[in-house]
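2 protein chains.
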Amino acid sequence: MNTHPKASWIAADWGTTNLRIWALDETGGILAHRSSEKGMGRLEKQDFESALIELIADLLKDSEVTPVIVCGMAGSRQGWAEAPYMTVPCAPPSIRNATGVDAADPRLDVRILPGIKQLTPPDVMRGEETQIAGFLADNQNYTGTLCLPGTHTKWVALQDGRIERFRTFMTGETFALLSKHSVLRHGLSADDLDSTAFAEAAERSFNAPEALTADLFGVRAAGLVADLGPAQASGRLSGLLIGAELAAVSRDFDLGNTALLGSDKIAGAYRSALTHLGHASRQLDAETITLKGLTLAYSFYEPEHS
Amino acid sequence: MNTHPKASWIAADWGTTNLRIWALDETGGILAHRSSEKGMGRLEKQDFESALIELIADLLKDSEVTPVIVCGMAGSRQGWAEAPYMTVPCAPPSIRNATGVDAADPRLDVRILPGIKQLTPPDVMRGEETQIAGFLADNQNYTGTLCLPGTHTKWVALQDGRIERFRTFMTGETFALLSKHSVLRHGLSADDLDSTAFAEAAERSFNAPEALTADLFGVRAAGLVADLGPAQASGRLSGLLIGAELAAVSRDFDLGNTALLGSDKIAGAYRSALTHLGHASRQLDAETITLKGLTLAYSFYEPEHS
Chain A
46 MNTHPKASWI AADWGTTNLR IWALDETGGI LAHRSSEKGM GRLEKQDFES ALIELIADLL
106 KDSEVTPVIV CGMAGSRQGW AEAPYMTVPC APPSIRNATG VDAADPRLDV RILPGIKQLT
166 PPDVMRGEET QIAGFLADNQ NYTGTLCLPG THTKWVALQD GRIERFRTFM TGETFALLSK
226 HSVLRHGLSA DDLDSTAFAE AAERSFNAPE ALTADLFGVR AAGLVADLGP AQASGRLSGL
286 LIGAELAAVS RDFDLGNTAL LGSDKIAGAY RSALTHLGHA SRQLDAETIT LKGLTLAYSF
346 YEPEHS
Chain B
46 MNTHPKASWI AADWGTTNLR IWALDETGGI LAHRSSEKGM GRLEKQDFES ALIELIADLL
106 KDSEVTPVIV CGMAGSRQGW AEAPYMTVPC APPSIRNATG VDAADPRLDV RILPGIKQLT
166 PPDVMRGEET QIAGFLADNQ NYTGTLCLPG THTKWVALQD GRIERFRTFM TGETFALLSK
226 HSVLRHGLSA DDLDSTAFAE AAERSFNAPE ALTADLFGVR AAGLVADLGP AQASGRLSGL
286 LIGAELAAVS RDFDLGNTAL LGSDKIAGAY RSALTHLGHA SRQLDAETIT LKGLTLAYSF
346 YEPEHS
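Note that the protein sequences, when read in sequence, are chains A and B.
Per my numbering, the very first residue in the first sequence carries number 46; after that it's consecutive.
Per my numbering, the very first residue in the second sequence carries number 46; after that it's consecutive.
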C-alpha cells in the first residue's frame with residue numbers, strides 16, 4: 046500500500062543532538078526532509094543503524110542499494126564508525142575521504158565524511174566541513190572569512206577555496222549555561238533581548254575584552270541596584286559574550302569579508318554585532334548549505350563493488 | 046533530660062545554599078557549630094524561622110530571649126526580611142545597621158546585618174561585608190586588597206579600614222558550569238588538577254585575557270588532537286579562567302598587597318596563581334573570620350526593649 050516515491054539517495058546531517066535526513070531523487074528533488082532526536086550523544090555504536098532505518102525505512106527501495114551520505118558527529122570515535130580527521134590546511138573533504146560503514150541491512154551503503162582537525166592551536170570540526178564544501182560550491186576559489194554560528198561557533202579562514210585555519214568559540218553554550226543555570230538567570234528574560242543593550246555591550250566588550258569576566262556579574266547586580274530590566278540584561282549578556290568573541294576573532298580573521306552560514310537567532314546576533322562594529326556581512330541559510338555540501342559529495346559517489 | 050549548656054547568643058551565616066550557625070557562651074566559647082542545607086534559595090519567607098529553630102531549638106533557654114545575629118542572603122529581598130544595602134564607600138555595617146525580624150517564637154531576637162552595594166559599576170555583596178568586618182577587627186585601619194574566593198569571588202579595596210570599592214567575579218560558578226555541563230566535561234578530571242598546566246594557563250590568560258574565549262574550546266580540542274590528559278585539561282581550564290580574572294582585577298586593585306579570606310581548594314588556586322605571577326599573599330580561614338565579624342556585631346548588641 047506504500048506507494049510514495051523511493052529515494053535515489055539519502056543525505057544525513059548527524060550531529061550530537063539530532064539526526065536530520067533528506068531523501069532525494071536523481072534530479073536533486075527533495076522527497077522528504079525529516080529529523081529525530083537520536084543524535085550521536087544518545088546512541089551506542091550498535092544503535093546507529095536502527096536509528097537511521099527508523100527514519101528512512103519507507104523511503105528505501107526493496108531490492109536495491111541506496112547510498113546514504115553522512116556528515117557530522119556520527120563519524121567521531123564515539124559515533125557509528127570513526128571517519129579520521131583531515132588536517133588543515135586542506136580543501137574540504139570529498140567522498141573519496143569518506144569512511145564506509147558495514148551496515149547489516151543490505152539496502153544501505155553508508156559513507157561518513159571526515160571532520161577536520163587543526164594542530165596549532167588545537168581545534169576540531171565535524172559537520173561544518175561539509176557546509177564549507179557547500180558554500181564553496183557556489184563560491185569557487187573564495188578568499189575570506191566564514192562564520193558558522195551555533196552552540197560552538199566556528200570561524201574559518203578560506204584562501205583560494207582552501208581551509209587555511211579555524212577557531213571554535215563556546216559562546217553559544219556559555220550563554221545558555223549562564224542564562225539557565227547561573228545566578229544571572231534571576232534577572233534575565235527568556236524571550237526578549239534588548240537590541241540597544243546588546244549593541245552597547247558588544248561594542249564595550251569588543252573594545253575591552255579583558256573586562257568580560259568583571260562585567261558578567263554586573264548583569265545581575267545592575268538588575269538589583271540600577272533597575273536593569275530582564276530584556277536589557279539578556280541583551281547585555283549576549284552582547285558582552287559576542288563582543289569578546291569578536292575581539293579575539295578580529296586578531297586572526299578578516300572581519301571585513303565575512304559570510305555567515307546561519308539564519309537563526311544566533312546568526313542574527315552575530316550579524317547585528319558585526320554591523321554595529323562597521324562590518325557588512327552576508328547571511329546564508331545553513332540547512333541549504335549543508336544539503337548542498339552533501340549533494341556535492343554524492344555527485345562523486347561510486348558504488349563500492351562496481 | 047536535655048542538660049547541655051544553653052547559648053548566650055547564636056551567630057548565623059545564612060547563604061543561598063547553606064545555613065551555618067555557631068552557639069556561643071558569654072565568653073565567646075563555641076558550644077556548638079552546625080549547618081543545614083536550608084539556604085535562602087530553598088526557603089519561602091515563612092519557612093526561615095522554622096529552619097532556624099530546627100537547627101538551634103535545644104540550644105535556646107526556655108524563658109529568656111536569645112540574640113541571633115545573622116549575615117548573608119537571608120537579608121535579601123527574597124530572604125527572611127530585607128536588610129537594605131549600605132553603599133560604598135563605607136565602613137562595614139555594624140549591628141546599628143541591622144534589621145530586626147518579627148519572629149513568632151518569643152525566645153528569638155533576630156538581627157540581620159545588611160549587605161553592601163556599589164552603584165558604579167553596579168555590584169552587591171551579602172555576607173562578605175561581615176567577613177570584612179572580622180578581618181578589620183584584627184587589622185584596624187588596613188589599606189590593601191582583600192580577596193574572598195568562592196562561587197562568586199569578591200575583590201575589595203580597603204583604605205584606612207573603609208571599603209572603597211569592590212568587584213564580583215563569577216569564575217567559580219563558570220568553572221563549575223563548564224566542567225559539569227559543557228562539552229569540556231568529556232576531557233576533564235573530576236579530582237585532579239595539574240599544577241603545571243594551571244600555572245601556564247594562568248600566566249597566558251593573565252597576559253592575554255582577550256584570548257580567553259578562543260582558548261576555552263581548545264581545552265577539549267587539545268584532548269582530541271594533542272593528547273592533553275584530563276588532569277592537565279582541568280588545570281588548564283582553571284588557570285585560563287583565574288588568569289583572565291586576575292588580569293581584570295589588576296587594572297583596579299593592588300595585587301601586591303592581598304589578603305585571601307579562604308582556606309579551601311578555590312582559595313588555594315588563587316594563591317597559587319598570585320604566587321606564580323610574583324605576588325605574595327597571606328591566607329586566612331574564612332569561617333574563623335566570619336565568626337569574628339558576627340562576634341564584633343554582637344559585642345554592640347542591645348536588647349530591643351531595654
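Quick reminder that beta carbons are idealized off the backbone N, C-alpha and C, glycines included.
Should Asp58 (chain B) go down as buried or exposed, given a rule of 16 or more other Cβ atoms within 10 Å for buried?
-> On the second sequence, residue 58 (chain B) is found 13 positions in, with the first residue counted as 1. Buried.
Do you know whose CA, among A:Gly86, A:Ile55 and A:Thr241, lies nearest Ile157 (chain A)'s CA?
-> Residue numbering aside, residue 157 (chain A) sits at position 112 when the first sequence is read from its first letter. Ranking the options by Cα distance to Ile157 (chain A), first place goes to A:Ile55.
Helix, strand or coil for Ala52 (chain B) per DSSP?
-> What you label residue 52 (chain B) is simply residue 7 of the second sequence in a count that begins at 1. The answer is coil: DSSP assigns Ala52 (chain B) none of H, G, I, E or B.
CB contact check: His197 (chain A) to chain B, cutoff 9 Å = One-based indexing of the first sequence puts residue 197 (chain A) at position 152. Judged by the 9 Å Cβ criterion, His197 (chain A) is in contact with chain B.
Check whether Asp168 (chain B) and Gly263 (chain A) have beta carbons under 9 Å apart = For the purposes of this step, residue 168 (chain B) is identified with residue 123 of the second sequence, where counting begins at 1. For the purposes of this step, residue 263 (chain A) is identified with residue 218 of the first sequence, where counting begins at 1. Going by C-beta atoms, Asp168 (chain B) is nearer than 9 Å to Gly263 (chain A).
So who's on the other strand from Lys162 (chain A), going by DSSP bridges?
-> Residue 162 (chain A) sits at position 117 when you count from the first residue of the first sequence. Beta-bridge pairing links Lys162 (chain A) to A:Thr132 and A:Val169.
Taking Arg65 (chain B) as part of the beta strand (DSSP E), name the residues at either end of that continuous run.
-> Stepping through the second sequence from its first residue, residue 65 (chain B) is reached at position 20. Note, Arg65 (chain B): beta strand (DSSP E), Leu64 to Leu69.
What's the call for Asp236 (chain B), buried or exposed, on a 16-neighbour Cβ count within 10 Å?
-> Start at 1 with the first residue of the second sequence, and residue 236 (chain B) comes out as number 191. Exposed: under 16 other Cβ atoms inside 10 Å.
For the beta strand (DSSP E) holding Lys90 (chain A), just list the boundary residues, first then last.
-> In the first sequence, counting from the first residue as 1, residue 90 (chain A) sits at position 45. Run containing Lys90 (chain A): none; DSSP gives neither H nor E here.
So which of B:Arg141, B:Leu69, B:Gln91 and B:Ser139 has the shortest CA-CA distance to Lys106 (chain B)?
-> As a first step, residue 106 (chain B) is located in the second sequence; it is residue number 61 there, counting from the start. For the residues B:Arg141, B:Leu69, B:Gln91 and B:Ser139, the minimum Cα distance to Lys106 (chain B) belongs to B:Leu69.
Distance between Tyr346 (chain B) and Thr111 (chain B) (C-alpha atoms, nearest Å) = Residue 111 (chain B) sits at position 66 when you count from the first residue of the second sequence. Residue 346 (chain B) sits at position 301 when you count from the first residue of the second sequence. Rounded to the nearest angstrom, the two C-alpha atoms are 11 Å apart.
If the cut is a Cβ gap below 7 Å, which residues of chain B does Pro166 (chain A) touch?
-> Translated into positions along the first sequence, residue 166 (chain A) becomes position 121. Correct list: Gly263.
CB contact flag (Thr188 (chain A), Asn302 (chain A), <9 Å) = Locating residue 188 (chain A) in the first sequence gives position 143, where the first residue counts as 1. Locating residue 302 (chain A) in the first sequence gives position 257, where the first residue counts as 1. Yes, the Cβ-Cβ distance between Thr188 (chain A) and Asn302 (chain A) is below 9 Å.
Closer than 8 Å by C-beta to Ser351 (chain A): which residues in its own chain qualify, once you throw out the five before and the five after it? Chain order, please.
-> As a first step, residue 351 (chain A) must be located in the first sequence, where it is residue number 306. Its pLDDT being 45, under 50, Ser351 (chain A) is placed unreliably in this model, and the value from its coordinates should be taken loosely. Answer for Ser351 (chain A): no residue qualifies.
Endpoints, the beta strand (DSSP E) within which Gln277 (chain A) is located | Taking the first residue of the first sequence as 1, we reach residue 277 (chain A) at position 232. Here Gln277 (chain A) belongs to no beta strand (DSSP E); instead the alpha helix (DSSP H) covers Pro275 to Ser295.
Report the residue from B:Ser81, B:Val146 and B:Asp103 whose alpha carbon sits nearest the alpha carbon of Gln91 (chain B).
-> Locating residue 91 (chain B) in the second sequence gives position 46, where the first residue counts as 1. Among B:Ser81, B:Val146 and B:Asp103, the Cα nearest to that of Gln91 (chain B) is on B:Val146.
In the DSSP assignment, find the alpha helix (DSSP H) that holds Gly338 (chain B) and state where it starts and stops.
-> Working through the second sequence from its first residue, we reach residue 338 (chain B) at position 293. Counting along the chain, the alpha helix (DSSP H) containing Gly338 (chain B) begins and ends at Ala331 to Tyr343.
Out of A:Asn142, A:Ser108 and A:Glu89, which has the shortest C-alpha to C-alpha gap to Gly124 (chain A)?
-> Counting from 1 along the first sequence, the entry for residue 124 (chain A) is found at position 79. Among A:Asn142, A:Ser108 and A:Glu89, the Cα nearest to that of Gly124 (chain A) belongs to A:Glu89.
Could you name the residues of the stretch 329-344 of chain B whose beta carbon sits closer than 8 Å to any beta carbon of chain A, in the order they occur along the chain?
-> none
Quick one, which residues of the stretch 109-126 of chain A are near chain B if we go by CB-CB under 8 Å, in chain order?
-> none
Would you tell me roughly how many angstroms separate the C-alpha atoms of Gln176 (chain A) and Leu76 (chain A), rounded to the nearest one?
-> Taking the first sequence and counting its residues from 1, one reaches residue 176 (chain A) at position 131. Taking the first sequence and counting its residues from 1, one reaches residue 76 (chain A) at position 31. Taking the straight line from one Cα to the other gives about 21 Å.
Closest Cβ-Cβ distance between Glu173 (chain A) and chain B: below 9 Å?
-> In the first sequence, counting from the first residue as 1, residue 173 (chain A) sits at position 128. No, Glu173 (chain A) lies away from the interface with chain B (no Cβ there is under 9 Å from its Cβ).
Burial state of Arg296 (chain B), where buried means 16 or more other Cβ atoms lie within 10 Å | Residue mapping note: residue 296 (chain B) aligns to position 251 of the second sequence, counting from 1. Burial call: exposed.
Quick one: using the 10 Å Cβ neighbour count with 16 as the cut-off for buried, is Met46 (chain B) buried or exposed?
-> Taking the first residue of the second sequence as position 1, residue 46 (chain B) is located at position 1. With a pLDDT of only 47 at Met46 (chain B), under the threshold of 50, the placement of this residue in the model should not be trusted; the figure read from the coordinates follows. With fewer than 16 other Cβ atoms within 10 Å, it is exposed.
Would you call Thr61 (chain B) buried or exposed, if buried means 16 or more other Cβ atoms sit within 10 Å of its Cβ?
-> In the second sequence, the residue the question calls residue 61 (chain B) occupies position 16. Thr61 (chain B) should be labelled buried.
Minimum Cβ-Cβ distance from Thr241 (chain B) to chain A less than 9 Å | Within the second sequence, the letter at position 196 stands for residue 241 (chain B). By this cut-off, Thr241 (chain B) is not an interface position.
Heavy atom of the ligand MG within 8 Å of Ser95 (chain A) beta-carbon = Inclusion of the ligand MG in the displayed structure is not the case, the ligand content being empty and no account of it being possible.
Would you verify that the beta carbon of Met85 (chain B) is, or is not, closer than 9 Å to some beta carbon of chain A?
-> Looking up residue 85 (chain B) in the second sequence gives position 40. For Met85 (chain B), the answer is no, since every Cβ of chain A falls outside 9 Å of its Cβ.
Looking at the C-beta of His226 (chain A), does it have a partner C-beta in chain B at a distance below 9 Å?
-> To locate residue 226 (chain A), count along the first sequence from 1; it is residue 181. Yes, His226 (chain A) lies at the interface with chain B (some Cβ there is under 9 Å from its Cβ).
Cα-Cα, which of A:Cys135, A:Ile311 and A:Ile161 is closest to Gly206 (chain A)?
-> Translated into positions along the first sequence, residue 206 (chain A) becomes position 161. Answer by Cα proximity: A:Cys135.
Take Pro254 (chain A) as the anchor and find which of A:Ala293, A:His226 and A:Gly268 has the nearest alpha-carbon.
-> The residue you call residue 254 (chain A) lines up with position 209 of the first sequence. It is A:Ala293 whose Cα lies nearest to the Cα of Pro254 (chain A).
Residue burial classification, His231 (chain B) (beta-carbon count within 10 angstroms, cutoff 16) | Sequence index remark: in the second sequence, residue 231 (chain B) carries index 186 (1-based). Classification for His231 (chain B): exposed.
Examine the Cβ distances between the stretch 279-290 of chain B and the stretch 239-247 of chain B and report whether three or more of them are shorter than 8 Å.
-> yes
Given 8 Å as the limit, is there contact between the stretch 304-319 of chain B and the stretch 327-334 of chain B, that is, 3 or more CB pairs closer than that?
-> yes
Anything in the stretch 281-310 of chain B with a Cβ closer than 7 Å to a Cβ of chain A? List those residues in chain order, please.
-> Ala289, Glu290, Ala292 and Ala293
Can you tell me which of A:Ser81, A:Ala52 and A:Phe93 puts its alpha carbon nearest to the alpha carbon of Gly73 (chain A)?
-> In the first sequence, counting from the first residue as 1, residue 73 (chain A) sits at position 28. For Gly73 (chain A), the nearest C-alpha among the options comes from A:Ala52.
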